[in-house]
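Report on the following structure.
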Amino acid sequence: MYGSKRVAVRDLNPHILCALCGGYLIQATTVIECLHSFCRSCIVNFLETSKVCPICDAQIHKTRPLLNIRPDQTLQSLVYKLVPGLFQDEMRRRREFHATLSES
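With the first letter of the sequence shown counted as 1, position 2 gets the number 2 in the UniProt record's numbering; the numbers rise by one all the way through.
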């Protein structure tokens, strides 16, 4: 049998951090063309002014780049498993955000 090896979360951080905001991926979204992943809100905001991947400059789509990004639930599940409390923190932030919207 193969021996198991423990991997520190810090060694995985480059793969589970958003290159745009620097935080852990929230609503992980992957660019189909190059497979780079970002937080959904980060990549959507970035694509309002650009049509290329912010990491490798691959053209995402000439006119409608949002057609070529996809939610990556597998990656998001890994992030939530690797970073204890992140899911709960995100759900709390969303509840607070929606509460402020209903107060307006």
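Even glycine gets a Cβ: it sits at the ideal position worked out from N, Cα and C.
Residue i - partner residues in DSSP beta bridges
i	result
V31	I69
Q59	V52
S37	T30
L17	Y24
Proximal residues to residue i (C-beta, below 8 Å), its chain only, five neighbours per side dropped
i	result
F87	Y80
L67	H61
C39	C18, L20, C21, G23, L25, I26, Q27, A28 and T29
Residue i - containing alpha helix (DSSP H), residue span
i	result
C42	R40 to F46
I26	Element bounds for I26: n/a, residue is neither H nor E.
Proximity below 8 Å, CB of residue i to CB of residue j
i	j	result
P65	A19	no
I69	T30	yes
C56	C21	no
L12	L82	yes
Same chain, Cβ closer than 6 Å to residue i, five either side skipped, listed in chain order
i	result
A28	S37, D72, L75 and Q76
Top-ranked residue by Cα proximity to residue i, from the options
i	options	result
C42	L17, C56 and V9	L17
L78	H15, A99, R95 and Y2	H15
I26	L101, V44, D11 and K5	V44
Neighbourhood of residue i by C-beta distance below 7 Å, restricted to the same chain and skipping five residues each side
i	result
K51	Q59, I60, H61, K62 and P65
Y24	I16, L17, V79, V83 and L86
M91	none
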